[in-house]
Amino acid sequence: MMLSSYPLWWLALPVLLLPIWWHRQKRQRLKAEPLATARFLPSAPPEQLRVWQWRDKLLLLVRCLLLVTLIAWLAATIFPWRGDTVLVDAGVDKAWAEKEIAAAGFASAARIDMPPAALSWLRQNERDWRVDARLLIIARAEKIAMSARLPQLSHQLELRTQNASLPLPPTATEQIVLPADTAHLPGWQALFAAFSSASPRYTIAAEPTAKTSLIIWDKPTAAPPANWRATNWWVAASASAAAAFPELANAATLTINGITLKYADSPRGRLWASDAFPSRDADTARALYEAWQLLAAAPAPAYATPSQTFAAARSALPPAAAKPANWLALALLALFILERTLTHARRN
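Each residue of the sequence shown is one higher than the one before, starting from 2 at the first, in the working numbering.
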């Protein structure tokens, strides 16, 4: 399927009316009757009759197909027309952007809004720019992630990024459930107080909600309510824990950062058990916190691209989709030859 980059060429379709108009028989003389003499007849101008009749229908069809193919070829062909251009991030500081544009020598250059994934977009649309055109991107640093490979462009590209001046948003808060009648309650409170001092992301509640990510269960003589659910459970080792959480009987063992953990999945959530629950000293609390952070899944941050200039790589060719369809050019040539042949045959 042909994808037209410049669909406005299809607005030229009304040009098909020209060959239709040329091939229309406008007038036709009335048939003349031969007379022996016209001496006694009054003089009268010759009469003509307007008729709608098509001439050379095959030639008309070929010419219409020739024009349609020409328009389609133009719609699939990209003619470089852009000059020096600045791609501006909509959220960048306006005063800073104007200063950088002037410093880069692009004060008179055309400006367009920076699209998402600007470097990839430039690679796909680079055919729009003339050979001598230069490109400048003005953006916030976090809006352009650093790629593993340098972009291969056939135009010189200068990238100027603005470092973030606003503070980063605070880390998302995680809610944990720590019932008031929990055994070793002071130890658990001290543990999460230490956690919060390292990373303020824990709030304590008495009952779980939809935001609860961790439930602490340390009650030797009770089982948790049947409707309690959470992503993770920390279960203190006790005789009642084995009865309340039978999944722990076949739990797998994991040792990380010097802390031995047993874990098993259950309908309530993932269960974690360890002799380190709750920690009894600061070193154990620190090791438990580091082990828990290593187990938490966190996406790797994207590294922002610093300001730099990418030299033009003249060997970089535009994508294959940027080239006009070769079959259209061949069809155009074949129709042109056929049209010339039929025109010559009609004249002779």
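Here a beta-carbon is modelled for each residue, glycine too, at the ideal position from N, C-alpha and C.
Can you tell me which residues form a DSSP beta bridge with residue i?
i, result
"K263", "T254 and A274"
"Q309", "L160"
"W234", "I216 and L272"
"Y203", "E175"
"L289", "BP columns for L289 are empty, so no partner."
Give the DSSP-derived three-state secondary structure of residue i in the structure shown.
i, result
"A242", "helix"
"E208", "coil"
"V178", "strand"
"T162", "strand"
"Q157", "strand"
"A299", "Model confidence at A299 stands at a pLDDT of 46, short of 50, so the residue's coordinates are unreliable and nothing is read from them."
"L151", "coil"
"N228", "coil"
"T222", "coil"
"A1", "Because residue 1 is not part of the residues shown, which for the chain are 2 to 349, the question remains open."
"R83", "strand"
"V132", "coil"
"D114", "strand"
"R56", "coil"
Suppose you measure from the CA of residue i to the CA of residue j; what does that come to, to the nearest Å?
i, j, result
"A111", "Q157", "16 Å"
"Q163", "R141", "5 Å"
"A103", "A118", "24 Å"
"G106", "T204", "53 Å"
"D276", "E175", "24 Å"
"V16", "R25", "15 Å"
"K144", "L68", "45 Å"
"G188", "R281", "7 Å"
"L336", "I138", "45 Å"
"A312", "L160", "11 Å"
"L88", "L75", "27 Å"
"T70", "W11", "11 Å"
"A108", "L334", "45 Å"
Looking only at C-alpha atoms, which of the options sits nearest to residue i?
i, options, result
"A350", "A181, A242 and I257", "The structure shown does not extend to residue 350, since the chain is modelled only from 2 to 349, so the question has no answer here."
"P116", "F107, K100, G92 and A134", "G92"
"A237", "A245, R230 and A231", "A245"
"I21", "R56, A13 and W11", "R56"
"A191", "D284, A96 and D90", "D284"
"Q309", "D114, L151, L19 and S121", "L151"
"L136", "D85, I113 and N126", "D85"
Does the Cβ-Cβ distance between residue i and residue j come in under 8 Å?
i, j, result
"V63", "L331", "no"
"P209", "R230", "yes"
"R131", "R83", "yes"
Does the beta carbon of residue i sit closer than 8 Å to a beta carbon anywhere in chain B?
i, result
"W189", "Protein chains in the displayed structure number just one, and chain B is not present."
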